[in-house]
Amino acid sequence: MPITRPFTLSALALSLATLAPCAAWSATALPNADGEVIPETEAADTAATVSMIRDMVQKGFDTTGHAFRDAHRKAHGCVKARFTVAPQLPPTLAQGLFAQARSYDAVIRYSNGSQVQDDTKGDARGMAIKVMGVDGPKLLGDEAGARTQDFLLMNHPVFFVRNARDYVGFQKAISGGAWTTAGWLTTHIFHEGAILLAIQNRKMTNPLNARYWSTTPSRLGTQQVKYSAVSCTSGSFTDVSTGPDLLRENMEAHLARQGACFDFKVQTRTQPTKMPIEDPTIEWKESAAPFTTVARIEIPPQQVEQGEACEIRSFTPWHSLAEHRPLGGIQRVRKATYLEISRLRHDLNGQPRVEP
Ligand code: HEM
């Protein structure tokens with residue numbers, strides 16, 4: 000969830016500036032079999048996104064001597080887990096990773112979304128799951144032999160921009176300072192602005208005691224789905240910390256005593272007109288398409304991995320089997336972005352980039 004520059008909403012005055020026109024859709028483009036429609040401007044907007052984020056990571060490196068993630072920089076830690084596919088799934092769901100009822104090793108990185116480093120403040124929170132030992136060719140050209148399937152989730156059901164064009168408009172606005180940010184908010188206040196505010200107001204006390212969503216769709220065989228992970232830990236969470244690092248401290252304290260678990264779920268797109276592929280700001284209503292559990296994530300008691308051992312890992316929705324191909328404009332812009340930024344930060348830090 001890449002809100003890469005901090006800004007304080009209360010400090011913003013309203014402005015009449017108009018920014019970020021809607022994406023330039025090709026008038027003639029028809030949706031493909033997955034419901035995707037690729038705007039003519041997408042390649043240029045993707046290049047602009049990569050360039051902006053590269054500049055920010057490089058600037059951070061020039062200042063601190065270390066290259067950090069541009070988004071989700073603050074980790075609460077990485078945890079080891081087992082990802083077990085549920086038995087006897089219906090054939091429509093038993094596709095790709097979910098085809099066989101078997102268990103995989105996994106690692107999960109929990110994080111804050113923006114540059115807000117104090118956990119007592121509201122923010123998006125990330126849950127990035129890497130399932131390991133997954134055979135079959137993967138979608139990233141130079142990592143086609145990787146044996147990993149990643150799922151990136153955040154703690155809100157919808158994202159706050161529709162596509163690459165809108166993301167570039169948003170980034171330009173917040174890079175321009177308070178007035179241009181206020182302009183963006185003014186012109187997007189009732190939809191994207193409201194989602195952004197809702198995300199930024201989200202609080203939690205333990206990353207293990209929450210629900211997370213992919214917000215963006217993926218393929219599941221011939222269908223389209225979204226993912227969600229719902230905490231299924233029974234018993235109470237006795238949180239020990241209320242300080243600025245409470246999410247790390249409470250997760251560590253919990254896993255020092257006992258394990259945790261999540262149900263991993265998929266939601267199938269049943270009503271194409273109400274469940275768009277190209278607009279993750281629109282929620283696919285659970286009343287129309289409920290989530291079904293396809294796997295259980297067990298996190299045993301453990302010492303949580305911190306520091307470079309956790310930071311050196313790279314997660315992207317494109318570490319994926321073709322059966323789970325990410326779909327829609329936001330997913331497409333993430334393909335080049337995550338790859339380039341992961342490469343850049345590893346290069347700058349002189350670290351090897353290796354998929355487990
Ligand atoms: C325009 C759209 C987006 C852009 C440009 C973007 C960009 C980024 C970048 C640059 C990173 C750091 C990658 C690295 O250094 O390895 C990142 C991490 C992350 N993003 Fe996004 N992102 C976008 C949308 C989303 C969405 C829709 C989600 C919703 C689930 C999301 C969830 C995450 C998570 C959980 C991480 C942390 C992964 C980790 O722990 O390594 N992002 N994003």
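Taking numbering that gives the first Met the number 0, I'd label the letters of the sequence shown as residues 0 to 355.
All C-beta atoms in this analysis are idealised placements derived from N, C-alpha and C, irrespective of residue type, glycine included.
Computed from a predicted structure; not experimentally measured.
Put residue i into one of helix, strand or coil per three-state DSSP.
{"i": "V332", "result": "helix"}
{"i": "G125", "result": "strand"}
{"i": "D104", "result": "strand"}
{"i": "Q87", "result": "coil"}
{"i": "N348", "result": "helix"}
{"i": "V133", "result": "coil"}
{"i": "S50", "result": "helix"}
{"i": "W212", "result": "strand"}
{"i": "S230", "result": "strand"}
{"i": "V167", "result": "helix"}
{"i": "S235", "result": "coil"}
{"i": "E297", "result": "strand"}
{"i": "A22", "result": "Low per-residue confidence applies at A22: pLDDT is 45, beneath 50, and the placement is therefore not dependable, though the value from the model is reported in the following sentence. In the structure shown, A22 sits in coil (DSSP, three-state: anything other than H, G, I, E or B)."}
{"i": "A32", "result": "coil"}
{"i": "Q399", "result": "Missing from the structure shown is residue 399; the chain here goes from 0 to 355 and no further."}
{"i": "D262", "result": "strand"}
{"i": "N249", "result": "helix"}
{"i": "L338", "result": "helix"}
{"i": "Q57", "result": "helix"}
{"i": "Q270", "result": "coil"}
{"i": "D149", "result": "strand"}
{"i": "S174", "result": "helix"}
{"i": "T241", "result": "coil"}
{"i": "R81", "result": "strand"}
{"i": "G327", "result": "coil"}
{"i": "A43", "result": "helix"}
Measure the C-alpha to C-alpha separation of residue i and residue j and round it to an integer number of angstroms.
{"i": "A209", "j": "V133", "result": "26 Å"}
{"i": "W283", "j": "L320", "result": "23 Å"}
{"i": "L207", "j": "R81", "result": "15 Å"}
{"i": "K225", "j": "A66", "result": "31 Å"}
{"i": "G168", "j": "Q57", "result": "21 Å"}
{"i": "I358", "j": "M274", "result": "There is no way to answer for residue 358, as the model of the chain reaches only from 0 to 355."}
{"i": "T48", "j": "K73", "result": "21 Å"}
{"i": "F60", "j": "T147", "result": "28 Å"}
{"i": "P20", "j": "A43", "result": "The predicted model places P20 with a pLDDT of 38, which falls under 50 and marks its position as unreliable, so this point remains unresolved."}
{"i": "A163", "j": "P156", "result": "19 Å"}
{"i": "T179", "j": "G192", "result": "14 Å"}
{"i": "G175", "j": "G76", "result": "33 Å"}
{"i": "G182", "j": "I198", "result": "19 Å"}
{"i": "E361", "j": "A32", "result": "A question about residue 361 goes unanswered here, because the residues of the chain that appear run from 0 up to 355."}
{"i": "T186", "j": "Q99", "result": "48 Å"}
{"i": "T40", "j": "L338", "result": "21 Å"}
{"i": "I296", "j": "F290", "result": "16 Å"}
{"i": "Q116", "j": "S110", "result": "10 Å"}
Do residue i and the ligand GDP come close, with the Cβ less than 8 Å from some heavy atom?
{"i": "T336", "result": "You won't find the ligand GDP in this model; what it holds is the ligand HEM."}
Is residue i near the ligand HEM, going by C-beta to nearest heavy atom under 8 Å?
{"i": "V303", "result": "no"}
{"i": "T185", "result": "no"}
{"i": "G135", "result": "no"}
{"i": "V443", "result": "The requested residue 443 is not part of the displayed model; the chain covers only 0 to 355."}
{"i": "M126", "result": "yes"}
{"i": "I329", "result": "yes"}
{"i": "I52", "result": "yes"}
{"i": "P279", "result": "yes"}
{"i": "F158", "result": "yes"}
{"i": "G168", "result": "no"}
{"i": "A143", "result": "no"}
{"i": "S313", "result": "yes"}
{"i": "T71", "result": "Strictly speaking, residue 71 in this sequence is His, with Thr absent from that position. At least one heavy atom of the ligand HEM is nearer than 8 Å to the Cβ of H71, so yes."}
{"i": "R247", "result": "no"}
{"i": "I340", "result": "yes"}
{"i": "W360", "result": "With the chain covering 0 to 355 only, the question about residue 360 has no answer from this structure."}
{"i": "T62", "result": "no"}
{"i": "T215", "result": "yes"}
Go through its chain and collect everything with a Cβ distance to residue i's Cβ below 7 Å, but skip five positions before and after it.
{"i": "V229", "result": "R210, F261, D262 and K264"}
{"i": "L88", "result": "F97 and V293"}
{"i": "F314", "result": "R108, A127, K129, D149 and L151"}
{"i": "C309", "result": "A74, G76, C77 and R108"}
{"i": "K137", "result": "A143, A145, H318, S319 and L320"}
{"i": "K334", "result": "W317"}
{"i": "G327", "result": "E35, T215, P216, I276, E277 and P279"}
{"i": "C231", "result": "C260, F261 and D262"}
Once you ignore the five residues that flank residue i on each side, which residues in its own chain have a CB closer than 8 Å to its CB?
{"i": "F409", "result": "Nothing about residue 409 can be reported from this structure: the residues present for the chain run from 0 to 355 only."}
{"i": "T119", "result": "K202, T241, G242, P243 and L245"}
{"i": "F236", "result": "T204, N205, L207, N208, N249 and H253"}
{"i": "R101", "result": "T83 and V84"}
{"i": "T269", "result": "A287 and A288"}
{"i": "E354", "result": "E142, A145, R146, T147, S313 and H318"}
Less than 6 Å between C-beta atoms, sequence neighbours within five positions excluded: which residues of the same chain meet that for residue i?
{"i": "E251", "result": "V303"}
{"i": "G95", "result": "L320, E322 and H323"}
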